[in-house]
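As structure tokens, the structure follows; a few thoughts come after it.
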Amino acid sequence: MLKQINIIRIILMLVIVFAASIFIPDFYWKANKHEINRTNVYYSPIKKCFVLLKSDVRGVKYTDIKGKQFNRDEFEELVPFVNFRQLMLTGKLPDTIDGQSIVPKEINLNNVTLRANPVMINSRPLQLFPLFESASGRVRLELSPDYFRIDKRMEFITSLTNEVNEEKSQLFTSALQKEGFNFPSKGIYGNPTTKKPFDEGYFVIDNSNKVFHIKMVKGQPFCKNTGIPSNLGIVFISAIEFELREFYGLIITDKNEAYFISYDNYKLIQLPVEDYDHQENTLQIKGDLFYRILVVNKENGFNSVVTDRNYKVVDKYNESWPGKESRTAGIISSYIFPFTVTIEKDTTPFINFYFNYSNLHCLFLSVVLLIITVFYLRKKNVAAKKIGYFSVLVLLTGMYGFIAVLAIKDFDDDPSISKNL
Amino acid sequence: MFKSLVFKEWLKIRWVFIGLAAVNFLVVMNIYFDLLNTFKVYSANVVVGQFQAYEIVFYSNIKYILLLTGLILGVFQFFPEINQTRLKLTFHLPRKENKLMFQMVSVGVLLLISIFLFDAVSLSIICTKFLPREFFESMLITTLPWYIGSICTYIWLITIFIEPNWVKKTISILVAVGIVSLFYAGEGYGKYAFSIWYFVLLTGFCSSIIFLSAYNFKRGIC
Numbered sequence: 001m002l003k004q005i006n007i008i009r010i011i012l013m014l015v016i017v018f019a020a021s022i023f024i025p026d027f028y029w030k031a032n033k034h035e036i037n038r039t040n041v042y043y044s045p046i047k048k049c050f051v052l053l054k055s056d057v058r059g060v061k062y063t064d065i066k067g068k069q070f071n072r073d074e075f076e077e078l079v080p081f082v083n084f085r086q087l088m089l090t091g092k093l094p095d096t097i098d099g100q101s102i103v104p105k106e107i108n109l110n111n112v113t114l115r116a117n118p119v120m121i122n123s124r125p126l127q128l129f130p131l132f133e134s135a136s137g138r139v140r141l142e143l144s145p146d147y148f149r150i151d152k153r154m155e156f157i158t159s160l161t162n163e164v165n166e167e168k169s170q171l172f173t174s175a176l177q178k179e180g181f182n183f184p185s186k187g188i189y190g191n192p193t194t195k196k197p198f199d200e201g202y203f204v205i206d207n208s209n210k211v212f213h214i215k216m217v218k219g220q221p222f223c224k225n226t227g228i229p230s231n232l233g234i235v236f237i238s239a240i241e242f243e244l245r246e247f248y249g250l251i252i253t254d255k256n257e258a259y260f261i262s263y264d265n266y267k268l269i270q271l272p273v274e275d276y277d278h279q280e281n282t283l284q285i286k287g288d289l290f291y292r293i294l295v296v297n298k299e300n301g302f303n304s305v306v307t308d309r310n311y312k313v314v315d316k317y318n319e320s321w322p323g324k325e326s327r328t329a330g331i332i333s334s335y336i337f338p339f340t341v342t343i344e345k346d347t348t349p350f351i352n353f354y355f356n357y358s359n360l361h362c363l364f365l366s367v368v369l370l371i372i373t374v375f376y377l378r379k380k381n382v383a384a385k386k387i388g389y390f391s392v393l394v395l396l397t398g399m400y401g402f403i404a405v406l407a408i409k410d411f412d413d414d415p416s417i418s419k420n421l
Numbered sequence: 422m423f424k425s426l427v428f429k430e431w432l433k434i435r436w437v438f439i440g441l442a443a444v445n446f447l448v449v450m451n452i453y454f455d456l457l458n459t460f461k462v463y464s465a466n467v468v469v470g471q472f473q474a475y476e477i478v479f480y481s482n483i484k485y486i487l488l489l490t491g492l493i494l495g496v497f498q499f500f501p502e503i504n505q506t507r508l509k510l511t512f513h514l515p516r517k518e519n520k521l522m523f524q525m526v527s528v529g530v531l532l533l534i535s536i537f538l539f540d541a542v543s544l545s546i547i548c549t550k551f552l553p554r555e556f557f558e559s560m561l562i563t564t565l566p567w568y569i570g571s572i573c574t575y576i577w578l579i580t581i582f583i584e585p586n587w588v589k590k591t592i593s594i595l596v597a598v599g600i601v602s603l604f605y606a607g608e609g610y611g612k613y614a615f616s617i618w619y620f621v622l623l624t625g626f627c628s629s630i631i632f633l634s635a636y637n638f639k640r641g642i643c
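If you want it as structure tokens, here you go:
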């Protein structure tokens, strides 16, 4: 009985340590939230250099990388492809840049933006997708009456009846089998919205890591093995339809590489991204008539690479700023919290217990609290063996363990001793 | 003696149990009619598409009802025990307080589980009637932490009720509020898919703390 109670007391202390390591740091960071500065990176085809739009709670600053500031109108003229509608309104859109005539329709066609962030990569949406009719002859895409899944076969479930459409399922399954698809699928990537100019269907990774392109053309299956290497280690495909029809989408691999899937028979174009970690950073790709800008956004900075339309590097620019760990609140936290536990994280949509360990700075406070604990427990005449256990707890868990020791309060546990509380 | 104890607990909380089961039934029916009406207003493929794309948790009404179910059952089962010092008499029975506590708590947990089973089966029927099986599978994993969170609430409430020391009671309330809130975080489908077993383990650890409170209670009244 006594042994059991002691074990439960230890469990209670561990639960207190656990709860404290979640809620005390959470409260601390709520009280010490720092301002967020955002930087949008552009490459000026006029000045042939990077220009930055920096914004915070106080407002917006337009600068180049040397710190020269511009007003809004000057900035818009420096990046005419981004602001072409405003420049058309004010009559400031140049007729030519570098000898190339500038046509608004062409600018619009060539402006593309893609993004891949860790939440998109780590998300696990319901594996049920609408397959649009890609050649309906209508201006707008229409939502299909059924949704598909790819398990042991490709199955279409009619939404109205909630039953499998056998005919369509068999048609698509046999088309996939003919193309060499190995069921089930490991990942289905597409852009399941009707708000897009046209439909390119889905890119599906089969059980042998081969990538297939699947869409529906005039009610018939279009299934094609893309020939994308199966050893690429694809973790995410951002498939977005652009009128430009230069690439189907963006592939991110487990080796932190990024590729475009080109319209040229699915040929891969490797993008020169630098210092990118797909589990931590957001990759943003902005394209215009002349350039492609690849920006890797991190918690405390960004790397940007600008390429020409043939993906040859033209220029690079990196910037960093103090992360929350380097600020005063972060330095103090490294002294007071030996570790923190959060249940939510910016890089994943899933709830879990995410442990963040502090550096050795926290030992200072842990040792001070350890000394206080030893004095406190000795004063309460706690057995030396127990003082040893509690000391280890305080040394390892710092203030959390100290709170747990104070919370437990009474340490005499002989059930034969009656005690009126 | 166990049968007598179960009967005593049942007599004490039967009307609360029936009331809570009725509330859960009404909430499930409300979810059913809401979904039925959604399918009457919008075409089925639009509903499925919106649910899938925006991870609309159409059964979210049950989330805090489950929390309240555990809380209310705990209050009605143990408040009279403490307020009318019945637990003192129970602990004088020729049984160890751990065993008695375990049996009393088991009755409450089993009644909670019976309500949850009803909820889970009803929601599963609703899900599979209207939506593809992916929604049913995600519903199970989405609602699971809410059920476990309700049991955890019930357990912490008992721990707090029977703890005789006010300082420890206050600390337990703070820890309980924190721990229980962990089960109800996140929006969307299956957010606890990779961590549900850690939460089951946490509930298991928290359950054992009841015995420490019971030990303290008995020691306090000796």
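So the sequence lines, in the order shown, correspond to chains A and B.
Here the first sequence stands for residues 1 to 421, numbered as in my numbering.
Here the second sequence stands for residues 422 to 643, numbered as in my numbering.
Each residue gets a CB set at the ideal place from its N, CA and C atoms; glycine is no exception.
None of the values given here were measured: they were computed from a predicted structure.
Short-range partners of chain A found in the stretch 453-470 of chain B, where Cβ spacing is below 8 Å: The stretch 453-470 of chain B vs chain A, Cβ under 8 Å: S464, A465, N466, V467, V468, V469, G470.
Chain-ordered residues of the stretch 597-615 of chain B with a beta carbon less than 8 Å from chain A: G599, I600, L603, A606, G607, G609, Y610, G611, K612, Y613, A614, F615
Terminal residues of the beta strand (DSSP E) in which D540/B lies: Here D540/B belongs to no beta strand (DSSP E); instead the alpha helix (DSSP H) covers 518-551.
Where D26/A sits in the DSSP three-state scheme: In the structure shown, D26/A sits in a helix (DSSP, three-state: H, G or I).
Option nearest L494/B by Cα separation, candidates L456/B, W436/B, I630/B: W436/B
Cutoff 9 Å: S481/B Cβ touching any chain A Cβ: no
Element boundaries [beta strand (DSSP E), containing Y43/A]: 38-44
First and last residue of the uninterrupted beta strand (DSSP E) at K224/A: Note, K224/A: beta strand (DSSP E), 220-225.
8 Å CB neighbourhood of F50/A in its chain, flanking five on each side removed: V41, Y42, Y43, S44, D64, I65, S304, V306, D315, Y317
C-alpha distance - D414/A paired with Y605/B, whole-angstrom precision: Residue placement at D414/A is flagged as unreliable, the pLDDT there being 49, under the threshold of 50; a coordinate-derived value is accordingly withheld.
Residue environment, E77/A, which counts as buried when at least 16 other CB atoms sit within 10 Å: Answer is buried; the Cβ neighbour count reaches 16.
Spatially closest choice to L501/B from G609/B, E430/B, N586/B, by CA coordinates: It should be noted that the sequence gives Pro, not Leu, for residue 501/B. It is E430/B whose Cα lies nearest to the Cα of P501/B.
Contacts that S571/B makes with chain A (C-beta to C-beta distance below 9 Å): Listed along the chain, the chain A residues whose CB falls inside 9 Å of the CB of S571/B amount to none; the nearest CB is some 17 Å away.
CB of V112/A within 9 Å of CB of F242/A, strictly: yes
Selection from I583/B, S481/B, R554/B, K433/B that minimises the alpha carbon distance to G529/B: K433/B
N239/A: contacting residues in chain B (beta-carbon distance under 7 Å): Checking the sequence shown, residue 239/A turns out to be Ala, not Asn. Around A239/A, no beta-carbon contact reaches into chain B at under 7 Å, the shortest distance being about 15 Å.
With 16 other Cβ atoms within 10 Å as the buried cut-off, status of P338/A: buried
Beta-carbon neighbours of F645/B, restricted to chain A and to distances below 8 Å: Residue numbering for chain B in the displayed model covers 422 to 643; residue 645/B lies beyond these limits and cannot be assessed.
Enclosing beta strand (DSSP E) for F236/A [first to last residue]: That run of the beta strand (DSSP E) goes 234-239.
Closest by C-alpha distance to I336/A, when choosing among H361/A, V17/A, N356/A, D95/A: When only C-alpha atoms are compared, the closest one is H361/A.
L52/A versus R38/A - alpha carbon distance: 10 Å
Bounding residues of the beta strand (DSSP E) (the contiguous stretch that carries Y291/A): 291-298
Min CB distance A31/A to chain B below 9 Å: no
As assigned by DSSP and simplified to three states, the class of D151/A: coil
Three-state secondary structure (DSSP) of I157/A: strand
Beta-carbon proximity check, Y613/B vs I157/A, cutoff 9 Å: The Cβ-Cβ distance between Y613/B and I157/A does not fall below 9 Å.
Beta-carbon gap between T580/B and L633/B smaller than 9 Å: yes
Cβ of T511/B within 9 Å of any chain A Cβ: no
Supposed close pair V17/A, T397/A - CB separation, criterion 8 Å: 5 Å
Nonlocal neighbours in the same chain, by C-beta distance under 7 Å from V374/A, ignoring five residues either side: I387, S391
Local conformation of Y335/A per DSSP, three classes: helix
9 Å Cβ cutoff, D346/A in contact with chain B: no
Start-to-end residues for the beta strand (DSSP E) that takes in Y636/B: Segment 617-642 is the alpha helix (DSSP H) holding Y636/B; no beta strand (DSSP E) there.
Contact with chain B by L160/A, beta-carbon distance below 9 Å: Yes, its Cβ sits closer than 9 Å to a Cβ of chain B.
Spatial distance of A465/B from D288/A (CA atoms): 40 Å
Neighbouring residues, chain A, relative to L633/B (Cβ below 7 Å): I5, I8, R9, L12
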